[in-house]
Amino acid sequence: RGIKISYKEGNPGIFIESNIHAREWITSATATWFINQLLTSTDTDVRDLAENYDWYIVPVLNVDGFVYTHTTDRMWRKTRQPVEGSRCIGADPNRNSDSHWMESNGASSNPCSETFAGIQPFSEPEIKAVTDYVASIKERINIYLAFHSYSQVLLSPYGHTTEHADNHDDLMAVAKAYSDAVKALPYGTEYTYGTSATSMYFTTGSTRDWVYNEQGIRISYTIEFRDTGRYGFILPPIQILPHCEDTLAGILALVKKAKELKYLEVKYAL
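Sequential numbering of the sequence shown, starting at 172, is according to my numbering.
Structure follows, in structure tokens:
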């Protein structure tokens, strides 16, 4: 389930997807903390963020997988849907959208692989549900952020090719604004940024690329959270609040830069 926060009609929209990979607990912790900030903060900049944009936030997209990481296997990544004809369970929900699905070695056809793309695009109920919803409100969404961990990097389209998107320079400028804002905090956390295929590895069927390629949402990122490998997916609780503060500062800067570049104009008729 997700939540929509809207203070008035006519706002541009920002969609946050979180915990699509089950073991990435810091993502849902951050999303819920961020929701609380939008609802309760008295900070002027946060109030502007809350009241002048519509927020669509899904704190835990992969619910079954997330529960499984609490009950059985802390490092589980995929969904929990059985795969017909296989002893293995689940697909990688971030390889299951219909955007260059199974191209460029960006996913696996092996049901036992952690990057198994599913038996077909949108085979996973979680992905079918969220993509159907996004498609139904695409005119209301200006920015799409997919929360992940770990690596401290912002990844823009594309994942299936090293070619650049046509607004690549703008995507890099917005990502740089996020990175600079986070580094300026006392924690000094450093985020790099670049396209998914060149900065990390080839990925196909991601929600990030699907919203960009198929739904026309021009500002779309995967944000890989703390850390860079010391703790990996099991980020210590003492780092949760500092990380959340990093993320808020980054999003404030990201939105400001996207607005400056005219990506936050209302796209739908009032």
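Note that beta-carbon positions come from the ideal geometry of N, C-alpha and C, so glycine has one too.
In the DSSP assignment, F396 falls outside any alpha helix (DSSP H) and within the unbroken beta strand (DSSP E) covering 390-396. The C-beta of K249 has 16 or more other C-beta atoms within 10 Å across all chains shown, which makes the residue buried. The C-alpha of I409 is placed about 15 angstroms away from the C-alpha of P357. The Cβ neighbour count for E436, taken over all protein chains shown within 10 Å, is under 16; the residue is labelled exposed. Straight across, the Cα-Cα distance linking K179 with N223 is about 8 angstroms. With a cut-off of 8 angstroms on Cβ pairs, the segment 306-319 is not in contact with the segment 278-297, counting fewer than three such pairs. The continuous beta strand (DSSP E) containing H319 extends over residues 314-320. T215 and A202 have their alpha carbons spaced roughly 20 angstroms apart. Contact check for A317 against Y392 passes: the beta carbons are separated by less than 9 angstroms. With 16 or more other CB atoms across the displayed protein chains lying within 10 angstroms of its CB, K428 is buried.
Each of N265, G184, S212 was checked against the Cα of S377, and the nearest Cα belongs to N265. With respect to T366, S327 sits close: the two C-beta atoms are nearer than 9 angstroms. The C-beta distance from Y315 to F186 rounds to 5 angstroms, short enough to fall under 8 angstroms.
Per DSSP, W226 is one residue of the beta strand (DSSP E) stretching across 225-229. One alpha carbon belongs to S280, the other to D263, and they sit about 11 angstroms apart. If you draw a straight line from the Cα of S284 to the Cα of H192, it comes to about 14 angstroms. For A221, the CB contacts under 6 angstroms within the same chain, skipping 5 residues up- and downstream, are L209 in chain order.
When the alpha-carbon of I228 is set against those of S257, T243, F396, T198, the nearest one is in T198. Boundaries of the alpha helix (DSSP H) harbouring V234: 234-242, taken from the DSSP string.
If you compare the alpha carbons of G330, E385, V426 with that of A352, the shortest gap goes to V426. Judged by DSSP in its simplified three-state form, I290 adopts coil rather than helix or strand. Between N276 and the set T332, N207, I176, L441, the nearest pair of CA atoms involves T332. Cβ atoms of Y362 and V324 come within 8 angstroms of each other, at about 6 angstroms.
Excluding the 5 residues flanking it on each side, E274 has same chain C-beta neighbours closer than 7 angstroms at H331, T375, in chain order.
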